[in-house]
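One structure is given below, encoded as structure tokens.
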Amino acid sequence: MLATLGDLRLKQGELGAARQLLTEAEVMFTEMDLPDGLAFVDYTLGMLLLAEGELAAAAARAEAALRRYAAAGVPVWRARTAALLGDIAAAGGAPGDAEEHWTTARRIFAELGLPEAAELDRKLG
Numbered sequence: 018m019l020a021t022l023g024d025l026r027l028k029q030g031e032l033g034a035a036r037q038l039l040t041e042a043e044v045m046f047t048e049m050d051l052p053d054g055l056a057f058v059d060y061t062l063g064m065l066l067l068a069e070g071e072l073a074a075a076a077a078r079a080e081a082a083l084r085r086y087a088a089a090g091v092p093v094w095r096a097r098t099a100a101l102l103g104d105i106a107a108a109g110g111a112p113g114d115a116e117e118h119w120t121t122a123r124r125i126f127a128e129l130g131l132p133e134a135a136e137l138d139r140k141l142g
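Add 17 to the 1-based position in the sequence shown for the numbering used here, that's all there is to it.
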């Protein structure tokens, strides 16, 4: 619940409130040993840090999320996280890395038959 509220606050542009909720969720998920919850917190904090321009920290969080989602076998979130890594790379002026991440994400979305593949076609286009 806290992580979902943090995600909502992030989408509303309330970065401080989002950070607080996500930090609380991270503590709770760590105490409860819930790697899926921690993956979502890492992903969402990656998005928040990207929005704040903290690209190295954003990439570290996104990479942690990607490892957790890969271990859990959750392809849709692996793809979303790869797309996030592409956005981070693009923001950091690394178009080759961005293209690599977006291509990976697009392939997974296409395999799953998800419309996010079309969004990545525009980024890759």
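Glycine residues also receive a C-beta, built at the ideal position from the N, C-alpha and C atoms.
- Less than 8 Å separates the beta-carbon of L66 from that of A75.
- Look at M64 here: in three-state DSSP terms it is helix.
- Here the alpha carbons of G103 and A68 stand approximately 14 Å from one another.
- Between L137 and A100, the gap from beta carbon to beta carbon is short of 8 Å.
- Listed in chain order, the non-local C-beta contacts of W94 below 6 Å within the same chain comprise Y86, local neighbours out to five positions each way being set aside.
- Shown here for R26: same chain residues with a beta carbon closer than 7 Å to its own, the five before and five after excluded, namely A34, A35 and L38 in chain order.
- DSSP places E117 in the helix class (H, G or I) of the three-state scheme.
- Judged by beta-carbon spacing, R78 lies within the 8 Å limit of L62, meaning their Cβ atoms are closer than that value.
- When the five nearest sequence neighbours on each side are left out, the beta carbons in the same chain lying within less than 6 Å of the beta carbon of A134 are those of R123, F126 and A127, in order along the chain.
- The Cβ-Cβ distance between A81 and D59 falls below 8 Å.
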